[in-house]
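Numbering (the numbering used here), first residue to last: -16 to 448. From the three backbone atoms N, C-alpha and C, an ideal C-beta is built for every residue, glycine too. Below is one structure, written out as structure tokens; comments come after it.
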Ligand code: AMP
Ligand code: ZN
């Protein structure tokens, strides 16, 4: 079984082969830190983070870089609006981003390059592009000359005319061609800027990724990924810059693009304003529920966010955690390796819906086991399969006590009420016992009386009654 990935360059699923199996390289476009990221932004980091995990299983060394764009006009605008220094915006939101990623169970990449720490490399790349006739300086700007690169538009399958019409690119007197894009632009004194031979200025967005990928991964990288909204112009421009700066060498051998997370059918986007901030969702929902929802669709397809999708993800996890709780007394002798079915689904162009279906079958199998050995093996397989996807990483009791709670429920408080309820029932004070059940329901806690005593769990608000 080997890894197959869809390559946007060929528009086909192809067997993945790294250039150097002893050092597999991957670059993912990171966030522009001018605000909290939304749950849509989290999709590429969750799915491509999972891909990095899969690559690490197969290859001895993987270098995964995910940048932080910390110089951008949106950042300047946010700082001006808030009346605070730029660094306060970029450092604050970058820290919030790292924190959110950790909560969401996204493995840290090997490198987190910041654009502002790569100005020297950016300037050097501009110089090389000018020297090789692919860029020109004009009125304090450096522009990429798109007519100098015959393959411009290849990734997104657009002609130069389409791109000019579609991108509504700025027509400026200093541009030779309206489609020429900015590598460097002048900064007024109130804006961030660095001295250069073209005057004090700052980089354009696209060149940042080209320079950071080169600095940390080399001239040709195995995988470059990001959302499909970045295919044009961002990725198209990265290809043009890097290929021309490297004497025509291939920049990224595989291009992977995730589909958009939508909300009411529309792309979730800060500019439309229909965003749900990851930060706030993480305060309301267990991170695994958000992860499970993000992995419930194939990464290349659009995925619609809705309350019912959220409830579905929750119900799925409740079911699996329920299985683990029923098997709480079963000792797992040894941890299982990643179950074959789950691995096969992931190797098949990261088919996470198929992987989740395989995990559901592992859970069903675990419930069917009757012997101690059978139970132990099935439990270990379930834990290993789900764990690889960053799910079922908690203790089941903790899961049922905390999941879905807007604020953490105090387990001692619940236990106190349950003890009181037992006493009330013994004394045949059923009215008090019912009142306790009702009081717990107001906090979305349901109780289940069973052979082993009374269990409680936190449920979605509508289920508590
Ligand atoms: P940005 O900070 O806007 O550059 O976005 C960071 C990452 O999130 C990029 O890879 C985008 O392609 C991706 N992205 C933005 N919006 C969405 C969305 N609604 N669904 C999925 N990915 C998105
Ligand atoms: Zn990028």
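In chain order, 328 place their CB closer than 6 Å to the CB of residue 337, counting only its own chain and leaving out the 5 sequence neighbours on each side. For the 8 Å CB-CB criterion, residue 83 and residue 265 form a contact.
By the Cβ criterion, the segment 171 to 178 is not in contact with the segment 194 to 204, since fewer than three pairs of Cβ atoms, one from each stretch, lie closer than 8 Å.
Distance between residue -16 and residue 330, taken at the CA atoms: about 8 Å. The C-beta distance from residue 159 to residue 202 rounds to 27 Å, too long to fall under 8 Å, and the pair is not in contact. Shown here for residue 275: same chain residues with a beta carbon closer than 7 Å to its own, the five before and five after excluded, namely 296, 299, 300 and 374 in chain order.
Residue 20 and residue 77 have their C-alpha atoms roughly 10 Å apart. Restricting attention to alpha helix (DSSP H) runs no shorter than 4 residues, the segment 267 to 298 encloses them at 270 to 278, ordered along the chain. Between residue 242 and residue 284, the C-beta gap is smaller than 8 Å, which places the two residues in contact.
When 133, 27, 135 and 120 are compared, the shortest CA-CA separation from residue 165 is found for 120. Sequence-distant partners of residue 80 (beyond 5 residues in either direction) whose C-beta falls short of 7 Å from its own C-beta, in its chain, are 14, 16 and 20.
As DSSP reads the structure, residue 244 sits in a beta bridge with 286.
About 19 Å separates the Cβ atoms of residue 88 and residue 322, ruling out a contact at the 8 Å cut-off. With respect to the C-alpha of residue 257, the residue from 22, 206 and 7 having the closest C-alpha is 22. DSSP places residue 321 in the coil class of the three-state scheme, outside both helix and strand.
Contact annotation: the segment 417 to 432 touches the segment 397 to 406, with at least three C-beta pairs closer than 8 Å. Going by C-alpha positions, residue 85 is about 22 Å away from residue 44. Here the distance from the Cβ of residue 96 to the nearest heavy atom of the ligand AMP is not below 7 Å.
Rounded to whole angstroms, the gap between the alpha carbons of residue 90 and residue 35 is 9 Å.
With respect to the 8 Å criterion, residue 128 and residue 163 are classified as neighbours on the basis of their beta carbons. Excluding its 5 nearest sequence neighbours in each direction, residue 236 has C-beta neighbours in its own chain below 6 Å: 205, listed in chain order. In this structure, the beta-carbon distance from residue 361 to residue 352 falls below 8 Å.
As the crow flies, the alpha-carbon of residue 57 is around 19 Å from that of residue 183.
Cβ-Cβ distances below 6 Å link residue 210 to 27 and 241 in the same chain, with the five nearest sequence neighbours on each side left out; the list follows chain order. Out of 115, 188 and 1, the CA that lies nearest to the CA of residue 102 is found in 188. Of all residues, those with a beta-carbon under 5 Å from at least one heavy atom of the ligand ZN are 12 and 192, reported in chain order.
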